[in-house]
Each structure stands twice: as structure tokens, then as C-alpha cells.
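Heads up, the sequence shown is in the numbering used here, so the first residue is 455 and it goes up one at a time. Working notes for the structure below.
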Amino acid sequence: MSKEFSGLVAIVTGAGSGIGLEVARGLTERGARVFGFDINQGEMASVATFIKCDIGDAASVESAFAEFKKASSKLDILINNAGIGSLTTVEKETDEIWHKVLNINVVGTARVSRAAIALLRESKSAAIVNTASVAAIDGIPNRAAYSASKGAILSLTLAMATDHLADGIRVNAVNPATTDTPWVKKLLDQSPDAKAARSALESRQPMGRLVSPSEIASAIIFLASPVQASVTGTTLNVDGGMHSLRIPK
Ligand code: NAD
């Protein structure tokens with residue numbers, strides 16, 4: 455395994471489960487020292503140092519960074535991956551749901567980035583990768599607030615990439631399609647016929663299967679890598695062809 459992250463320090467939000475856990479694992483395997491910011495430690499114990507952090511809460515983000523700075527004087531990589539879903543239409547989504555989803559997915563990403571920028575500015579290999587979604591670029595039913603939040607992440611990625619170009623901080627995003635994580639398992643378990651619901655999700659993606667968390671993680675790691683020193687303001691779709699391919703049935 456290449457050690458291109460050797461000597462680098464990374465924060466991964468949502469590292470306790472799913473995509474974030476695989477990013478933390480991949481960065482650690484490639485030589486980085488990884489801190490997982492999450493509301494739960496989840497499964498990260500062997501791949502990241504857990505720092506309790508609710509990205510939806512300003513005081514929690516502040517105290518997580520205070521704890522982080524006691525353990526590390528530098529930061530090179532920030533992966534803004536933590537997020538929550540909401541499964542309904544604009545007609546049924548209350549203000550409370552909108553505020554919750556936007557506060558965690560969008561303001562949470564901005565909040566953590568704000569706390570990280572000064573440290574990243576000092577790095578020679580500074581990179582931020584934001585986890586968006588194909589829901590940002592394709593109409594997917596019953597995800598109004600979630601889709602809007604992920605669309606905002608793509609716009610925020612471009613704004614941050616522009617604002618921090620001169621600081622030497624690259625900012626990119628990934629758009630996962632449905633990925634086989636505990637998040638999706640929870641959704642399927644709530645469905646009256648989990649098997650049929652899973653096969654509907656699989657057939658929505660031209661490859662006929664869900665994306666694996668490690669496939670998303672390797673795209674995030676690719677964008678975060680110091681080797682990609684010219685890549686900024688880019689979004690990489692990791693979606694089994696969902697966004698671009700039209701396969702006749
Ligand atoms: P997951 O539920 O498996 O993991 C999410 C992690 O985020 C959990 O460890 C959870 O504790 C943490 N988290 C939730 N709220 C938090 C908060 N307020 N502060 C800090 N941590 C918090 O989910 P996943 O499928 O790995 O999703 C990760 C990201 O990928 C999310 O941003 C999600 O929107 C995005 N995404 C997922 C899919 C998919 O199909 N799984 C598709 C597109 C995009």
C-alpha cells in the first residue's frame with residue numbers, strides 16, 4: 455500500500471460508520487494520523503482517534519477542535535462526511551425538518567471547515583473533501599430537504615475552492631449513489647419488503663448493484679491525496695453510472 459499520506463494529519467467527520475469509517479481506514483493504511491469526529495465512536499477504534507463532536511452544534515465543534523489541538527499541532531486533510539437524511543416531499547417537510555437537515559448537512563460542514571481553515575492554511579498538502587450525493591444533481595423521489603442540502607454542498611465546494619485557492623487549500627466533493635452502508639440498511643429495514651426495496655435501489659443504478667463504502671472512500675482519498683495537487687473545485691460521481699448512463703431495457 456502506498457504511504458502517500460505519511461506524516462499527514464486528517465479529520466474525518468462521521469468516521470464511526472459507513473463511508474467515513476472506510477475513509478478513516480484507508481487514510482490510516484496510507485500513513486495518515488486520523489481523528490474521527492462523530493457523535494458516536496461506532497467502529498472507528500482501530501483506525502482513528504475518536505473525538506466526540508456533533509457537527510450540528512457550534513459549542514460541540516468548538517470543544518472538539520480544542521481537544522484536537524491538544525493532540526495535534528497540525529492539520530492537513532479535512533473530510534466533511536457526516537450527514538443525515540430526510541425521506542419526504544416538500545409538501546410534508548416541516549420547517550423543523552428543514553432546519554435540522556440544513557443545520558447538520560450544510561451549516562455543519564461550514565462550521566467544521568471554519569474551525570479547520572487556519573490550521574489547513576499552514577499545511578503544504580491541504581485538502582478538503584465534502585461528501586455530497588447524486589441527489590444533488592438528479593431528481594430522486596422523497597428527498598426534498600436532503601437533495602437541497604447536498605446541492606448546497608456542491609455550491610459550497612466551489613465557493614470554498616475559490617476562496618481558499620490562494621491559501622493552498624484544495625476543495626473537492628464526491629457524489630455517491632446509493633451505497634451499502636448501515637444508513638441504507640436502516641432504511642431498508644423499515645421497508646415492508648426489504649428485499650424488494652433493495653433490488654429496486656440496485657436496479658436504479660446501471661451497474662445493477664449498490665456502491666460499496668470502500669469505493670466511495672477510495673474516491674475521497676484520491677481527491678484528498680497530495681498527489682492530486684492540481685485538482686480543486688471538482689466533483690467526482692461514484693454512482694455505478696446512475697447520473698450519466700441511459701441503458702435501454
Ligand atoms: P452512516 O449512517 O453509515 O454514517 C454516518 C456517520 O455520521 C455515523 O457514524 C453518524 O454517527 C455520524 N453522524 C450523524 N450525524 C452527525 C452529527 N450531527 N455530527 C457528527 N457525526 C454525525 O452513513 P453513510 O451512508 O456512511 O453516509 C455518510 C455520508 O454519505 C452522508 O453525508 C450521506 O449523506 C452521504 N451519502 C450516503 C449515501 C448512501 O447511500 N449511503 C449516498 C449519498 C451520499
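Cβ coordinates follow ideal geometry from the N, Cα and C atoms, glycine included.
Between the region 587–602 and the region 634–648, the count of C-beta pairs closer than 8 Å stays below three; the two stretches do not touch.
The beta carbon of E576 sits closer than 7 Å to those of K528, all from its chain and outside the five residues before and after it, given in chain order. If you look at F489, you'll find it in the beta strand (DSSP E) that goes 487–492. Between G539 and Y600, the C-beta gap is smaller than 8 Å, which places the two residues in contact.
For P630, the pairing in a beta bridge is given by DSSP as V692. For secondary structure counted as the alpha helix (DSSP H) over 4 or more consecutive residues, the region 656–701 holds these complete runs in sequence order: 667–678.
Considering only S471, R568, V692, the residue with the shortest C-alpha distance to R663 is V692. For T542, the secondary structure class from DSSP, reduced to helix, strand or coil, is coil. When rounded, the separation of the alpha-carbon atoms in L699 and P660 is 7 Å. For A654 and N559, the gap between their C-alpha atoms comes out near 26 Å. For A464, the uninterrupted beta strand (DSSP E) segment begins and ends at 463–467.
Annotation: the continuous beta strand (DSSP E) that includes I582 extends over 581–585.
Look at the beta carbons and you see the region 478–490 touching the region 462–470: at least three pairs across the two are nearer than 8 Å. Checking the 7 Å criterion, the Cβ of G605 is out of range of every heavy atom belonging to the ligand NAD.
Pairing K546 with F504, the inter-Cα distance amounts to about 36 Å.
Judged by DSSP in its simplified three-state form, K506 adopts strand.
Under the three-state reduction of DSSP output, N559 falls in the helix class. When Cβ pairs closer than 8 Å are counted between the two stretches, the region 519–526 is seen not to touch the region 580–594, the count staying below three.
With a threshold of 16 other beta carbon atoms within 10 Å, M498 meets it and is buried.
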